[in-house]
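In what follows, a structure is listed as structure tokens, so that the remarks can point back to it.
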Amino acid sequence: MKAAEGHGFGKTILFGEHFVVYGLPAIASAIGSKTTAVIEPADRYELVDLRPATPGYKEEKHGEQVESNRLIFSACKVDVEETPFKLTLGGDLIAASGVGASAASAAAIARALNQYFELGYDDAHINALAYEGEKGYHGKPSGIDNTAAVYGGLIWFAKNLKGGENTMDLLKMPRPVEIVLGNTGITASTKEVVEDVRRNREKDPKKYGRIFAKYGEIVVSARKAITEGDLEAVGRLMDRNHELLEEMTVSCDELDLLVGVAREEGAAGAKMTGTGRGGLMVALTPGKHLQDKVAEAIEGEGFVAYKTKIGI
Ligand code: PMV
């Protein structure tokens, strides 16, 4: 058998982490960094993980990674005892909470298996496999991460809570826009944070009803602002989305600090992105100059910043 390679895009959630679990629409964008998976013939199954990573991330997620890969192999009817191979993960996407690292890896592995074993799967099938893989990392993923990882671009996504097809529209921005991702360096468990939100929502349905209704308005305005290229409005709406996530207690001091720093430096808007309670924040920083300024300020606080673009 010939060596095969697949890739999956990293993503940032611009609007709607957590809300998306309950069927509200979210907007995510693929970023310019990818995870790659290479499969080569070998005498025994071996996983080599060369992805750049937040310290501690790989160790913390190791059990979930093994389970995720097992789910993908099983869905492809691949038996690693019968047909062993070496699976090498790499690419320039940082393995960290909040950047879709698990979904990018699942998508890359699904694509590499598809090529290696000549399975003939189309993108929709690859997406279903990446979703299977995501289940290994957290029980009930909304599906937004794997969709962005497989298709790339800028997507409007709503989970179909009845189990039917999810809504997915590809959005277009007039031009790609610079963003900065700030990394708290803290690895959070998506499963635990999602579960905590569920418990809090059950405890205080009135408060959560109000927060969810506000978010519903924000995301509709955000779609319009994004497609029209009204970056000031996009930024303002990101700020409001962050406030709601703070109210839901999924932000944390480090995220709030980085969001504050980005805004002080002139970012159009900033919010936490992904699971929260650690992981990453995203700042909208149109123009190279502003992007550099915000990234430097985040680094000045002792955190790692990544410069990339959305709407690519
Ligand atoms: O931390 P991430 O980038 O994997 O994003 C998780 C997003 C949640 O909405 C919190 C969960 C989900 O399944 O959508």
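Just add 1 to the spot in the sequence shown (first one is 1) and you have the numbering used here.
Cβ atoms here follow ideal geometry from the backbone N, Cα and C, with glycine treated the same way.
Near the ligand PMV: residue i beta-carbon under 7 Å from a heavy atom
i      : result
Asp146 : yes
Ile1   : This structure gives no information on residue 1, because the portion of the chain shown stretches from 2 to 313.
His19  : yes
Ala57  : Reading the sequence as shown, one finds Gly at residue 57 and not Ala. No.
Ile14  : yes
Val100 : yes
Thr168 : no
Gly230 : no
Val22  : yes
Val195 : yes
Ser103 : yes
Pro26  : no
Thr276 : yes
For residue i, the nearest candidate out of the options (CA to CA)
i      : options                           : result
Leu172 : Gly154, Asp146, Glu179 and Thr185 : Gly154
Gly301 : Lys12, Asn184, His63 and Arg200   : Asn184
Glu83  : Thr89, Ser75 and Leu90            : Ser75
Asn115 : Ala129, Tyr46 and Pro26           : Ala129
Ala105 : Ala263, Glu133 and Glu166         : Glu133
Ile110 : Leu90, Gly121, Ala306 and Glu203  : Leu90
Lys136 : Thr250, Gly210, Arg224 and Val67  : Val67
Where residue i falls: helix, strand or coil (DSSP)
i      : result
His126 : helix
Phe16  : strand
Pro206 : helix
Leu88  : strand
Ala97  : coil
Phe74  : helix
Integer-rounded CB distance, given that residue j should sit under 8 Å from residue i
i      : j      : result
Ile311 : Ile95  : 16 Å between Cβ atoms; not a contact.
Met273 : Val260 : 7 Å
Ile180 : Thr286 : 6 Å
Tyr138 : Ser69  : 6 Å
Ala97  : Tyr122 : The pair is not a contact, with the Cβ atoms about 28 Å apart (cut-off 8 Å).
> Do the stretch 5-13 and the stretch 238-246 make contact, defined as three or more Cβ pairs closer than 8 Å?
Replying inline: The stretch 5-13 is not in contact with the stretch 238-246.
> Touching or not, the stretch 148-166 and the stretch 264-281, by the rule of three or more beta carbon pairs under 8 Å?
Replying inline: A contact is defined here as three or more CB-CB pairs under 8 Å, and the stretch 148-166 fails this definition with respect to the stretch 264-281.
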